[in-house]
């Protein structure tokens, strides 16, 4: 739809005019460069997986704008087949007291945050661990070539040498096909704004097109978001595996909405094509389907957390003094 480019009123016809798009991109890049100059430089020593510094200490820089890539999966030859018209979007946002312009801007910000604050550090840490494994004489155990069980055994036996591996493993639980998953994570991490994202599909695997045995990009991104939040919320005795956010604030079919454990939850109501809703107290908020559905659900979750929960989840501040994810809700 082009909405992540950050301008609510840009239409499909304009996107087909590549000269106009080029001018638009250049203008936006100049704006982003000014934004970067106004922000403090992140430390060169920073690692999102460091035990000394929290991941929210990092202020994300801005990536290059790219045109969205339409999916070509069997379930949807054209993304727009399963997407409501922009006019219906406006009705949905109006009912929630929001504007389409804000939603487009927040969606753009969330894409950048996921790419630059989650995916890029994750991919770098995977590469760092694999380099360390080679140094330890275990190149055959590289992440992306062995099973999850093998990685868990490795984490238990080499705790001192690979202290960040247990945290990385949590992000890889979304698929048993580790080779595909690691390859796709690297692809999604390029460009700074999820330019290769395909909501109801994914990337090629061993020169074969994506198929339904593999996770959709939307499923991967939701798992990354929930895992990131899991690692930043305090442990909850109800969820001994450390998945306090996933247990309290995320629900997936076949579970019913009545099984929610908090007054604010993300709900995946359909696996393929993926569709997410928001549960707020006794209300089920359905959202426009399609490529941006996961982003709409996530930013609205953050919006309600900020408005109704004072920007706090389990005593953790989502604002600047904590995780610093609420910046995605900044007004344009």
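Numbering (the numbering used here), first residue to last: 153 to 484. A virtual CB, placed ideally from N, CA and C, is assigned to each residue, including glycine.
query: Which two residues bound the contiguous beta strand (DSSP E) that contains residue 416?
result: 416 to 422
query: Within this structure, are the beta carbons of residue 440 and residue 240 separated by less than 8 angstroms?
result: yes
- prompt: Within 10 angstroms of its Cβ, does residue 374 collect 16 or more other Cβ (buried), or is it exposed?
  reply: By the neighbour-count rule (16 or more Cβ atoms within 10 Å), residue 374 is buried.
- prompt: CB residue 418 to CB residue 400, shorter than 8 angstroms?
  reply: no
- request: Note down the Cα distance separating residue 262 from residue 447, rounded to an integer number of angstroms.
  value: 7 angstroms
- prompt: Mind checking whether the beta-carbon of residue 426 lies closer than 7 angstroms to any heavy atom of the ligand NAD?
  reply: By its list of ligands, the structure shown contains no ligand whatsoever, and the ligand NAD lies outside what it can speak to.
message: What would DSSP say about residue 476, mapped onto helix, strand or coil?
response: If DSSP states are grouped into helix, strand and coil, residue 476 belongs with coil.
- prompt: Using the C-alpha atoms, what's the distance from residue 398 back to residue 309?
  reply: Answer to the nearest angstrom: the Cα atoms are 27 angstroms apart.
- prompt: From residue 284 to residue 435, what does the alpha carbon distance come to, in whole angstroms?
  reply: 49 angstroms
message: Please report the straight-line C-alpha distance between residue 104 and residue 314, rounded to a whole angstrom.
response: Lying before the first or after the last residue shown, residue 104 is absent from the chain, which here runs from 153 to 484.
message: Would you call the region 380 to 394 in contact with the region 333 to 352, where contact means no fewer than 3 C-beta pairs closer than 8 angstroms?
response: no
message: Counting C-beta neighbours from all protein chains within 10 Å, is the total for residue 291 16 or more, i.e. buried, or is it exposed?
response: exposed
query: Can you tell me whether DSSP reads residue 404 as helix, strand or coil?
result: strand
- prompt: Using 8 angstroms as the threshold, is the region 270 to 287 in touch with the region 470 to 478, meaning 3 or more CB pairs across them?
  reply: no
message: Give me, in chain order, the residues of the same chain whose beta-carbon lies closer than 6 angstroms to that of residue 477; leave out the 5 immediate sequence neighbours on both sides.
response: 470
- prompt: Buried or exposed: residue 325, going by 16 or more other Cβ atoms within 10 Å of its Cβ?
  reply: exposed
message: Could you check whether residue 376 and residue 332 sit closer than 8 angstroms to each other, using their CB atoms as the reference points?
response: no
- prompt: Can you tell me whether residue 411 is buried or exposed, with buried defined as 16 or more other CB within 10 angstroms of its CB?
  reply: exposed
- prompt: Helix, strand or coil for residue 465 per DSSP?
  reply: strand
message: Within a Cβ cutoff of 8 angstroms, which residues of the same chain sit near residue 266, ignoring the five residues on either side of it in sequence?
response: 346, 373, 376, 377
Which of helix, strand or coil DSSP assigns to residue 326: coil
query: Using CA coordinates, which residue listed in 245, 428, 414, 365 is at the minimum distance from residue 449?
result: 428
task: Check residue 274 in the structure and name its three-state DSSP category.
output: helix
- request: Could you tell me whether the Cβ atoms of residue 341 and residue 260 are closer together than 8 angstroms?
  value: At least 8 angstroms separates the beta-carbon of residue 341 from that of residue 260.
field: Sequence-distant residues of the same chain with beta carbon closer than 7 angstroms to residue 170, five excluded per side
entry: With a pLDDT of 44 at residue 170, under the threshold of 50, the modelled position of this residue cannot be trusted, and the question is left open.
field: Buried or exposed (CB count within 10 angstroms, at least 16 for buried), residue 379
entry: buried
query: Between the Cα of residue 382 and the Cα atoms of 409, 350, 442, 402, which residue gives the shortest distance?
result: 402
Span of the alpha helix (DSSP H) around residue 446: 445 to 460
query: Are the beta-carbon atoms belonging to residue 442 and residue 351 less than 8 angstroms from one another?
result: yes
message: Within the continuous beta strand (DSSP E) that includes residue 427, where are the two ends?
response: 427 to 432
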